[in-house]
Each structure stands twice: as C-alpha cells, then as structure tokens.
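Residue numbers (my numbering): 46 to 671. Structure first, commentary second.
What follows is the structure, given as structure tokens:
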C-alpha cells in the first residue's frame with residue numbers, strides 16, 4: 046500500500062478577545078490532498094477580513110443570518126409556494142396596512158418586522174407556511190453529503206504523525222460473516238438490492254489495522270462496539286426472529302477474541318419480548334474502570350462485568366398496558382430514555398429517567414410548546430409522527446471520571462464529581478451532567494441535573510464561548526492523562542434539530558435550528574470557552590464537506606490527535622491540533638457486502654462510531670479452535 050501524507054489548507058482565525066489556547070481549524074478536502082500539508086499564515090488584516098466572510102460557527106435558526114442564502118437549500122418552487130402562502134394566508138392578518146409588494150420582494154428581511162404586527166391567527170398561519178413550504182424541503186436537502194469522492198480504504202497515512210494501533214469500527218449494517226449470532230438467529234440479514242440473501246449473520250464489530258485490513262470481526266450489533274483488554278469486545282446482540290425490536294437492542298453482550306460469549310445482560314424492568322430479553326440498550330454504555338469507553342492512561346476497563354452504565358429506553362410493560370403519558374410534558378406518549386447502573390449479576394442498582402427532571406432542562410416557553418404539541422420520530426428526528434415522541438433521543442452517557450476540576454474539600458467543585466454522568470440530547474440540542482452523589486451541603490440530590498449547556502445559546506456577549514450545538518453525539522469529558530484533560534469534547538452534527546420557534550413570537554415547533562455542516566468542538570466546562578474546533582463548512586471542487594447529520598463521534602488520542610468518525614459517510618480520520626489529517630479510512634463497499642441502508646436513513650457503509658485501540662490489547666496468539 047502506498048503511504049501518503051495529507052495536504053490540507055487550514056485557516057486559523059481568532060476572536061477579538063484573544064485566547065492563545067483556543068484554536069479553530071477548517072478542513073479543505075482537495076483532490077490533491079495526498080501531499081504535505083500547507084498552513085496559510087494570515088496577517089491580522091486578513092484575519093479580520095476573513096471573519097467577515099466566513100460563516101459563523103453558531104447555528105442559524107431558520108431566520109438568523111443570511112436568509113437570502115436559503116436558495117442554496119431550497120428550490121425555486123418551494124420559495125415561490127411560500128411567498129404565495131405568505132401573501133394569501135399571512136399578510137391579510139396584519140394589524141396595520143403595509144406595502145405587500147415590498148414585503149414579498151424582500152421577505153427574508155421582512156419576517157421579523159411583520160411578526161410584530163400579526164394577529165394570533167396570522168402568527169399561526171405564518172408558522173404553518175414556514176413549516177409546510179420551507180421546513181419540509183430544508184429537512185430533505187440537509188440529509189446527507191457524500192464525502193467519499195469514490196475513495197475507499199486507507200487514503201491518508203503519515204506513520205510519523207498518526208497513532209499506531211487498531212481501529213474498532215461500529216458498522217451500522219455490518220459485514221456478512223460466517224459467525225453465528227449469539228442469540229442463535231440472524232441479526233441483520235444481509236441482502237443485496239434485489240433482495241437476495243447474502244448472509245444470515247452479520248458482524249457489526251470490525252477491527253482493522255492501520256492499512257485498513259480486517260483483522261477480526263464479531264457477530265454483534267455495534268451501536269457501538271468497544272474494545273477491552275486481551276481482545277475482548279463489548280457490544281449488543283439481537284434478532285428479528287420474532288419481529289423487530291422496539292426501543293433498543295435486546296441484549297448487552299461481551300465476547301472474547303474468538304467470539305465466545307462471556308457475559309450477557311438481557312433484560313431491564315420493561316421487557317417487550319420476555320423470551321428474547323428486553324434490555325433495550327441503545328447508543329452507549331460504559332464498563333467500570335474507564336469513564337468514557339476508550340483508552341486513557343491508568344483507567345483500564347474491567348474484563349469482568351463488575352459494574353456497567355447502560356443507556357436504555359423505557360418500554361411500556363406487557364403492552365397494551367398504560368403508556369408513559371405525562372400531560373405536563375407532552376400530549377403524546379413519551380418514548381423516554383433510561384440510564385441504568387447494573388452490578389455483576391445484572392441487578393439494577395441505580396436508575397434515572399429524563400421525564401422526572403423536565404423542569405431542570407431549561408426549556409423556554411416556545412420549546413415547551415413544541416415538546417407538548419409535536420411528536421418526534423426516532424431515527425433522524427422526524428417531526429409530525431402520531432406515535433410516541435422521541436423527545437430526548439439521548440445518544441451518549443459517560444462518567445466524568447477523575448478530573449482536575451474536582452476537589453473533595455471544595456463543595457462548589459462537586460458539579461464535577463468523578464461519579465457524575467454527562468449525557469447529550471440529539472433532539473433537544475443540549476448537554477447535561479447528572480449528580481451521582483448528593484451535594485455535601487444539600488444543594489442538590491442524586492439524579493439532579495447540576496450542569497447544562499443549551500438547549501438555548503446566547504448570541505450576545507458570547508464571543509469565544511460555546512455557540513449553537515445541533516444534534517450532538519458523544520459529548521464527554523476528556524479523561525485524565527490525555528491532552529485536553531477535563532475539557533468537553535463532542536461531535537456537533539448540524540443538520541436540523543431542537544425545540545423552539547422559527548421566529549420570535551411564533552408558536553413553538555420542531556426542528557427550530559439548522560446548520561449545513563458538522564464540527565468537532567472542545568471547550569472548558571467551567572467557563573464554556575472554546576478551546577479547539579474542527580470544521581470545514583464549504584463544499585470543495587470534489588463535493589466534499591465535513592458533514593454527518595446523524596451518528597458519529599470523536600476520541601482524544603494519547604498523542605494529542607483526535608480520531609473523528611464522520612458516520613454517515615463511513616469516513617474515519619485522525620487529525621492533529623493544527624487540522625492536518627494524518628490518517629484517513631473510508632469504509633469499503635465490499636465490507637458492507639451489498640447490504641441495504643438502514644430503513645433508507647443511512648447508506649450501508651455508515652459507521653456508527655470508531656475507537657482506536659492499542660496494539661497490546663490485541664492477542665499475540667490469534668488462533669481460535671473450531
């Protein structure tokens with residue numbers, strides 16, 4: 046295999062209140078990117094000029110920023126239909142005379158002004174026009190951006206700058222394999238586009254080397270899969286034998302190197318399929334010994350299941366028993382998340398449910414209105430469903446672990462107690478820390494939300510601080526011993542999500558924010574000041590733009606680099622602090638074995654998440670008996 050170094054043009058820009066530790070990096074995917082990296086040094090004048098031209102990192106609500114650029118995402122027919130709706134349904138409800146022709150000609154600048162003069166019926170009509178003619182097409186056009194550019198396998202590798210090891214891929218649809226599912230029935234059957242069965246079993250946990258070769262695979266549902274020492278792997282197991290799963294995966298599973306099951310957690314208090322198990326595990330879990338699920342100095346996950354943190358769902362017991370209806374929150378049944386701590390024997394020793402902490406989540410009136418009246422379907426956060434509302438869609442949960450912010454003797458630092466848990470909400474655009482211990486002075490009790498970023502982000506006096514986050518994944522505190530320790534690292538997907546109003550004064554709706562690119566951000570949890578940012582918001586000549594609306598994640602490596610999973614595109618890359626890509630892998634079509642995408646939402650090569658594991662975690666003797 047040829048070895049390439051990455052060539053990327055990076056622009057650095059600083060805020061007027063200079064922070065030397067804060068860096069913002071933009072990626073440019075050139076077709077000639079396999080050459081040495083160049084850094085453009087900019088004069089202060091150039092920096093200030095660029096600041097005028099560069100899109101703001103902060104998400105635009107549908108009506109913040111350059112509204113005239115909406116034609117980038119919307120067709121002429123949609124805009125024409127909206128203007129027609131505005132003229133026929135909204136403007137007749139104005140409480141004073143206006144020049145209609147002027148408003149319609151410059152509608153994207155006029156909306157804020159006319160809202161102030163609309164009757165309540167007019168506001169309802171405007172919200173409906175926006176939802177019907179703008180939001181629906183914007184939703185469709187922000188789905189995916191193909192960053193593969195025809196490439197597959199390892200396309201960039203600088204051995205002097207990349208961290209050597211193995212990468213465990215969590216493949217959404219898996220790779221057809223000969224291994225037998227631990228539940229004794231097919232997991233995701235792999236079929237081609239004509240519907241022909243290719244493999245009855247799929248391996249979702251795939252370990253590759255630095256050259257992109259498959260070293261080992263396991264018949265697990267990898268949402269995600271996590272490596273343990275000695276070649277053990279944690280993941281999930283399921284079957285469609287008795288119908289599709291509801292609200293999560295049926296069993297939590299640990300396998301050794303040879304694919305033998307060594308531990309399983311099959312059940313939570315709300316089983317739907319009692320025979321098959323009803324763990325309803327989804328999106329994340331942690332094993333005692335390591336707070337975040339990836340390699341960090343001195344914090345090795347336990348091989349034995351002494352304690353596990355598991356993200357699950359509440360599923361109504363023995364349907365059709367009463368669903369989870371909380372009228373103070375929503376007019377719809379809640380598909381609510383659940384956090385469980387389980388002991389060695391699988392007994393639940395602690396549990397937590399978002400609906401019990403609604404008042405601590407910081408939702409304003411418009412957001413509450415949206416939560417109450419809009420049902421959000423699961424994958425992709427689709428509004429307008431009549432079924433249970435996936436009102437939170439939590440997709441990561443981890444412990445803070447030992448960190449520099451916590452001092453047992455100082456009560457005001459107990460927000461960052463190592464046992465506290467951080468999670469993120471994809472649907473509602475926020476991150477939060479849950480107290481796992483009582484405050485020493487009674488300020489809070491176990492289970493309370495004690496720290497939060499979002500769901501609303503100030504636009505005034507916010508220079509250099511965390512701005513609008515949309516649909517986040519894998520928010521966690523960088524573990525002790527790694528560069529950036531104590532900071533919060535997350536994949537900020539962009540796309541559309543969040544509760545609120547499309548314009549101030551209009552009824553609440555979902556989604557209420559959008560951005561057409563992704564970014565990885567690192568920030569100080571005490572001051573909320575940005576420390577590092579990786580993004581590439583513009584589409585280059587090859588059609589590449591850093592963007593994954595769904596799934597994805599970021600891992601801080603021991604060499605200071607960051608391993609980023611751009612999940613929808615099946616792209617994993619290692620980037621250093623200056624924005625140089627030093628290793629890149631694009632998931633091979635052949636590894637997807639012609640599998641169909643997940644219900645049309647994701648391509649077959651999509652990667653939920655990836656983790657870099659050290660070579661010493663892979664057995665020297667890799668032989669397995671038949």
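Backbone N, C-alpha and C fix where the C-beta goes; we use that ideal spot for every residue, glycine too.
Beta-bridge pairing of residue i - partner residues as DSSP gives them
{"i": "residue 388", "result": "352"}
{"i": "residue 428", "result": "421"}
{"i": "residue 618", "result": "609, 629"}
{"i": "residue 475", "result": "470"}
{"i": "residue 656", "result": "213"}
{"i": "residue 139", "result": "163"}
{"i": "residue 255", "result": "None; residue 255 has no bridge partner."}
{"i": "residue 263", "result": "250"}
{"i": "residue 510", "result": "574"}
{"i": "residue 5", "result": "Here the chain has residues from 46 to 671 only, and residue 5 is not among them."}
{"i": "residue 221", "result": "247"}
{"i": "residue 502", "result": "Its beta-bridge partners do not exist; DSSP assigns none."}
{"i": "residue 444", "result": "466"}
Span separating the alpha-carbon of residue i from that of residue j
{"i": "residue 475", "j": "residue 493", "result": "15 Å"}
{"i": "residue 300", "j": "residue 258", "result": "21 Å"}
{"i": "residue 511", "j": "residue 382", "result": "26 Å"}
{"i": "residue 627", "j": "residue 198", "result": "14 Å"}
{"i": "residue 214", "j": "residue 663", "result": "15 Å"}
{"i": "residue 181", "j": "residue 352", "result": "44 Å"}
{"i": "residue 393", "j": "residue 597", "result": "29 Å"}
{"i": "residue 202", "j": "residue 617", "result": "12 Å"}
{"i": "residue 462", "j": "residue 500", "result": "23 Å"}
{"i": "residue 261", "j": "residue 587", "result": "33 Å"}
{"i": "residue 610", "j": "residue 192", "result": "12 Å"}
{"i": "residue 562", "j": "residue 371", "result": "35 Å"}
{"i": "residue 200", "j": "residue 194", "result": "11 Å"}
{"i": "residue 471", "j": "residue 328", "result": "11 Å"}
{"i": "residue 131", "j": "residue 552", "result": "16 Å"}
{"i": "residue 438", "j": "residue 568", "result": "23 Å"}
{"i": "residue 218", "j": "residue 144", "result": "55 Å"}
{"i": "residue 431", "j": "residue 549", "result": "27 Å"}
{"i": "residue 519", "j": "residue 305", "result": "29 Å"}
{"i": "residue 255", "j": "residue 613", "result": "21 Å"}
{"i": "residue 253", "j": "residue 212", "result": "5 Å"}
{"i": "residue 601", "j": "residue 271", "result": "15 Å"}
Residues near residue i in its chain [Cβ-Cβ closer than 7 Å; skip 5 each side]
{"i": "residue 659", "result": "210, 340"}
{"i": "residue 452", "result": "458"}
{"i": "residue 650", "result": "615, 632, 634, 637"}
{"i": "residue 359", "result": "315, 369, 381, 383, 398"}
{"i": "residue 486", "result": "456"}
Secondary structure of residue i, DSSP reduced to three states
{"i": "residue 172", "result": "helix"}
{"i": "residue 280", "result": "strand"}
{"i": "residue 310", "result": "strand"}
{"i": "residue 370", "result": "coil"}
{"i": "residue 145", "result": "helix"}
{"i": "residue 518", "result": "strand"}
{"i": "residue 379", "result": "strand"}
{"i": "residue 636", "result": "helix"}
{"i": "residue 339", "result": "coil"}
{"i": "residue 150", "result": "helix"}
{"i": "residue 330", "result": "strand"}
{"i": "residue 242", "result": "With a pLDDT of only 46 at residue 242, under the threshold of 50, the placement of this residue in the model should not be trusted; the figure read from the coordinates follows. Looking at residue 242 - three-state DSSP - the assignment turns out to be strand."}
{"i": "residue 413", "result": "helix"}
{"i": "residue 124", "result": "helix"}
{"i": "residue 523", "result": "coil"}
Proximal residues to residue i (C-beta, below 6 Å), its chain only, five neighbours per side dropped
{"i": "residue 517", "result": "469, 535, 537"}
{"i": "residue 179", "result": "127"}
{"i": "residue 148", "result": "155"}
{"i": "residue 395", "result": "386"}
{"i": "residue 167", "result": "135, 138"}
{"i": "residue 123", "result": "178, 182"}
{"i": "residue 350", "result": "308, 389"}
{"i": "residue 294", "result": "266, 281, 283, 326"}
{"i": "residue 19", "result": "Residue 19 lies beyond the residue range present for the chain, which begins at 46 and ends at 671; the question has no answer from this structure."}
{"i": "residue 391", "result": "310"}
Chain-order list of residues whose beta-carbon lies under 8 Å from that of residue i (same chain, five-residue window excluded)
{"i": "residue 515", "result": "104, 474, 537, 538, 539, 540, 541, 542, 543, 558, 559, 560"}
{"i": "residue 669", "result": "302, 303, 304"}
{"i": "residue 373", "result": "403"}
Cβ of residue i within 8 Å of any chain D Cβ
{"i": "residue 205", "result": "Structure shown: chain D not included; a single protein chain is present."}
Unbroken stretches of the beta strand (DSSP E), 3 residues or longer, contained in the segment 528-611:
533-537, 540-542, 558-560, 564-568, 575-580, 598-601, 607-611
Can you give, in chain order, each stretch of the alpha helix (DSSP H) that sits fully within the segment 180-212 and has at least 4 residues?
181-186
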